[in-house]
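Heads up, the sequence shown is in our numbering, so the first residue is 968 and it goes up one at a time. Quick reminder that beta carbons are idealized off the backbone N, C-alpha and C, glycines included.
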Amino acid sequence: MKRALATGIGAVVVAVLLWEAYKWVGSDDGATVLGVRVLPRADDAAMPHVLDVLRRFGEPELAGGDPIALVVLKACLFTLRSVAVGFGAGALIGLLLAVVMQRFRVVERGLLPYVILSQTVPLIALAPAIAGWGGKLSLGSYPWQPWMSVATIAAYLAFFPVAVGMLRGLQSPPAVAEELMHSYAAGWWHTLVKLRLPASTPYLFPALRLAGAAAVVGAVVGEISTGTRGGIGRLVIEYSREATADPAKVYTAMVGAALLGLAVAGLVGAAEFALNRRRAA
């Protein structure tokens, strides 16, 4: 855990150093090859200093308003609800698909290509369709809420890494171990619980970390595409309108979205650490 934390901090430090180094040596007009921009502009309007972005967190969003840090935090917490629901639903769907595909080889051969194909659909085109369908649905007497469409988009991105990673984990036990379970007259269910699920954890948790990050991406894109207010995705759009006059403000929302993704991945990592520590005890 300490090693992972140190690695994460080191990666942030390296990113900050590279950012400032490019601002120092880069051109204000960037670099183009055959009319195509290959390097971004290094002026303050496009790439503000990291210190300016951090300082902007402590300043009010508007004159007399709340500090941007508080506004971004509230937006991240709003988006976190959609991320949590989408991540939970996507992980559950991915786990069930993996178990079914491992149990029935014909299902794996028939379904896995479509699982992979599902991730090739452009999300920016799918999100408005999901929002439109959701507007016609209701959960009993409870009407469909915009954040539910965002959670559905997050689940759509989250289920894929879990399904693929878990399937690989369930198929990872060696043939000798399976034959041993058969010699004990263990059925499919006992083999799944006693052998396949424990063997799949080294594959499952990396897949869950990817699913958590994907759920955040899906939620942010979903909020932008569906126009859902209150979340960090909508905040990115609102702040981008002030990019010319206040470029540091735009990056505060982007940093907030990145930190939200890191927080979700960190929670999954903490769960993995707790499980491994419990096993070792």
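{"Asked": "Cβ separation of A1094 and V1188, assumed to be a contact under 8 Å, to the nearest whole Å", "Found": "6 Å"}
{"Asked": "Three-state class that DSSP yields for V1088 in the structure shown", "Found": "coil"}
{"Asked": "Classification of A1118 by the beta-carbon crowding that lies within 10 angstroms, buried from 16 upward", "Found": "buried"}
{"Asked": "Beta-carbon proximity of M1115 to G1136, cut-off 8 Å", "Found": "no"}
{"Asked": "E989 versus P1169 - alpha carbon distance", "Found": "Before going on, a small fix: residue 989 reads as Tyr here, not Glu. About 38 Å."}
{"Asked": "The segment 1060 to 1073 contacting the segment 1119 to 1134, beta-carbon criterion three pairs below 8 Å", "Found": "yes"}
{"Asked": "Where Y1109 falls: helix, strand or coil (DSSP)", "Found": "strand"}
{"Asked": "Rounded C-alpha distance that separates L1018 from V980", "Found": "13 Å"}
{"Asked": "DSSP beta-bridge partners of V1000", "Found": "V1003"}
{"Asked": "P1173: first and last residue of the uninterrupted alpha helix (DSSP H) it sits in", "Found": "L1164 to T1193"}
{"Asked": "Backbone CA spacing between A1096 and M1068 [nearest angstrom]", "Found": "28 Å"}
{"Asked": "Reduced DSSP secondary structure (H/G/I, E/B, other) of P1214", "Found": "helix"}
{"Asked": "Assigned secondary structure, P1095 (DSSP; H/G/I helix, E/B strand, else coil)", "Found": "helix"}
{"Asked": "Among G1236, R1008, L1106 and L1104, the one whose alpha carbon lies nearest that of P1214", "Found": "R1008"}
{"Asked": "Spatial neighbours of L1227 in its chain, beta-carbon cut-off 6 Å, leaving aside the 5 residues before and after", "Found": "C1043 and V1183"}
{"Asked": "Backbone CA spacing between I1083 and R1196 [nearest angstrom]", "Found": "31 Å"}
{"Asked": "Pairwise C-alpha distance: T1219 and V1000", "Found": "31 Å"}
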